[in-house]
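Engineer:
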Amino acid sequence: MLLGTWNLENLYRPGGPFGPKDKAAYETKLAALADVIAELDPALLGVQEVGDPDALADLAGMLAGNWHICLSEHADSRGIRVGFLSRTPLVVLSDTTTFPAPLRPVQADDSGPAVAEAGRGLLAVRAGELSVAVAHLKSKLLSYPEGRFHPRDEGERARYGAYALYRRAAEATALRALADKLLAGDGRARDVVVLGDLNDEAQAATTQILLGPPGSEIGTPGFRATDKGDAARLWNVAPLIPAEQRFSRVNSGRRELIDHILCSHRVVRRVTAAGTGLPGTGAPQLPSVGPDPAERRGAAGSDHAPVWVRVGS
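Heads up: take any position in the sequence shown, counting from 1, add 53, and you land on our numbering.
Dropping the structure here:
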């Protein structure tokens with residue numbers, strides 16, 4: 054069984070302010086996305102940046118076989134949300150934006166009120182015995198007042214970088230709270246996966262929040278030793294991705310792995326392979342993105358590579 058996560062980058066039908074400007078560009082984008090998904094052939098794919106539910110339905114219609122779609126009801130100000138494409142029916146377990154108590158609201162900008170919820174929904178579903186949560190945490194690509202993507206000065210850049218970090222950390226905490234519910238203190242016996250665009254790398258503090266009790270990470274001496282923390286831990290499969298593939302986006306020329314798959318104890322022990330892009334094709338070929346996401350409006354495919362993991366029975 055192959056599980057994956059992929060940021061589809063501005064998946065909208067044409068004619069709106071964020072998606073492709075015309076039908077031809079839209080069809081080119083869909084075809085590029087569909088080719089990758091068909092080659093990847095996932096049993097379940099978590100998706101991000103679905104701006105138009107009908108566009109995801111259009112994409113699923115280009116794929117062979119029957120696909121089940123599940124989308125969060127909580128979109129951000131641009132209408133983008135997370136969801137799933139699945140070969141099997143899905144049951145929604147949770148769709149929330151709530152920060153867990155007693156976590157307080159965090160500052161979001163220079164003048165506005167603090168925010169007390171995630172900017173996009175955290176969606177959890179069940180597919181057979183597998184429980185999976187998908188998320189798209191606050192971006193490191195900063196936006197400023199009046200719709201700007203460039204700061205007035207370095208002080209503003211620093212402040213808005215801090216605001217984004219506050220929000221991403223709070224959202225990671227909310228996602229960990231959701232993972233705790235899915236694990237129910239029994240990760241040794243429960244098949245649980247948390248995946249998505251976490252907008253930071255594996256060793257970032259926000260990503261580390263999701264792991265639970267410290268120790269036993271893949272590649273460390275403790276990985277094969279069991280301990281009482283295994284019931285609550287999640288393992289990031291990033292170390293299993295071949296080094297030359299260990300990135301899912303290129304930011305200003307720098308490769309970074311910001312899309313992740315984390316597995317419970319029961320699942321990680323059955324992982325046979327992990328990667329980015331398409332299996333057997335080497336390092337992903339990705340464009341380099343800058344601070345202004347509008348520059349890629351209508352571009353074919355996505356600026357992210359899918360991240361995947363293969364799990365045995």
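Virtual Cβ for every residue (Gly too), placed ideally from N, Cα, C. Just so we're clear, the structure is a prediction, and the values are computed from it rather than from any experiment.
Use the C-beta contact count for asparagine 119: other C-beta atoms within 10 angstroms, 16 or more gives buried, fewer gives exposed.
Structural biologist: Asparagine 119 should be labelled exposed.
Engineer: For glutamate 126, count neighbouring Cβ atoms within 10 angstroms of its own Cβ and tell me buried if that reaches 16, exposed if not.
Structural biologist: Exposed: under 16 other Cβ atoms inside 10 Å.
Engineer: Going along the chain, which unbroken runs of the beta strand (DSSP E) with 3 or more residues stay wholly within the segment 171 to 206?
Structural biologist: The segment 171 to 206 contains these whole beta strand (DSSP E) runs: 183 to 189.
Engineer: Could you please give me the residues that DSSP links to threonine 58 through a beta bridge?
Structural biologist: According to DSSP, which records beta bridges pairwise, threonine 58 is partnered with Gly99, Val360.
Engineer: Is DSSP giving aspartate 94 helix, strand or coil here?
Structural biologist: If DSSP states are grouped into helix, strand and coil, aspartate 94 belongs with coil.
Engineer: Output the distance between the C-alpha atoms of aspartate 75 and valine 168, rounded to the nearest integer angstrom.
Structural biologist: Whole-angstrom Cα-Cα distance: 36 Å.
Engineer: Please state if the CB of leucine 109 and the CB of glycine 136 are separated by a distance shorter than 9 Å.
Structural biologist: In this structure, leucine 109 lies closer than 9 Å to glycine 136 by Cβ.
Engineer: Roughly how far, in whole angstroms, is the beta-carbon of leucine 175 from the beta-carbon of leucine 228, given that I think they are within contact range, below 8 Å?
Structural biologist: Right, their Cβ atoms sit about 5 Å apart.
Engineer: Aspartate 88 by DSSP, collapsed to three states: which one?
Structural biologist: In the structure shown, aspartate 88 sits in a helix (DSSP, three-state: H, G or I).
Engineer: Which same chain residues, not among the five before or five after alanine 336, have their C-beta less than 6 Å away from its C-beta?
Structural biologist: Cβ neighbours of alanine 336 beyond the five flanking positions: Glu297, Gln298.
Engineer: Does the count of Cβ pairs from the segment 142 to 152 and the segment 193 to 210 closer than 8 Å reach three?
Structural biologist: With the cut-off at 8 Å, the segment 142 to 152 and the segment 193 to 210 do not touch.
Engineer: Going by CA-CA distance only, name the one from Ala278, Arg157, Asp244, Ala188 that's closest to valine 321.
Structural biologist: Of the candidates Ala278, Arg157, Asp244, Ala188, the one whose C-alpha sits nearest the C-alpha of valine 321 is Asp244.
Engineer: So, for glutamate 309: in the same chain, excluding its five sequence neighbours on each side, which residues have a beta-carbon less than 8 Å away from its beta-carbon?
Structural biologist: Result list for glutamate 309: Glu254, Phe300, Ser301, Arg302, Val303, in chain order.
Engineer: Is it true that the CB of aspartate 356 sits closer than 9 Å to the CB of proline 344?
Structural biologist: Not closer than 9 Å, so no.
Engineer: Apart from the five residues on each side of it in sequence, which residues of its chain come closer than 6 Å, Cβ to Cβ, to glycine 351?
Structural biologist: Around glycine 351: Pro73, Lys74, Ala78.
Engineer: Identify every residue that forms a DSSP beta bridge with asparagine 289.
Structural biologist: Answer by DSSP bridge pairing, in chain order: Leu315.
Engineer: Which residue comes first and which comes last in the beta strand (DSSP E) that contains glycine 328?
Structural biologist: Looking at the DSSP string, the run of the beta strand (DSSP E) that includes glycine 328 is 324 to 329.
Engineer: Please report the Cβ distance between leucine 55 and arginine 363, rounded to the nearest whole angstrom; I am assuming they are in contact, meaning their Cβ atoms lie under 8 Å.
Structural biologist: Leucine 55 to arginine 363, Cβ: 5 Å. Contact.
Engineer: According to DSSP, is aspartate 280 part of a helix, a strand, or is it coil?
Structural biologist: The answer is coil: DSSP assigns aspartate 280 none of H, G, I, E or B.
Engineer: Could you give the DSSP three-state label for arginine 302: helix, strand or coil?
Structural biologist: If DSSP states are grouped into helix, strand and coil, arginine 302 belongs with the strands.
Engineer: Per DSSP, what kind of secondary structure is threonine 334 in: helix, strand or coil?
Structural biologist: Threonine 334: coil per DSSP, three-state reduction.
Engineer: What three-state label does DSSP hand isoleucine 262 in the structure shown?
Structural biologist: Helix, per DSSP.
Engineer: Please classify glycine 136: does DSSP put it in a helix, a strand, or coil?
Structural biologist: Three-state result, glycine 136: strand.
Engineer: Just the Cα atoms here: how many angstroms apart are glycine 57 and serine 164?
Structural biologist: Their Cα atoms are separated by approximately 39 Å.
Engineer: For serine 317, which of Glu270, Val360, Gly330 has the nearest alpha-carbon?
Structural biologist: Looking at the Cα atoms, Glu270 is the closest of the given residues.
Engineer: Looking only at C-alpha atoms, which of Ala285, Val89, Asp111 sits nearest to arginine 66?
Structural biologist: When each option's Cα is compared against that of arginine 66, the closest is Asp111.
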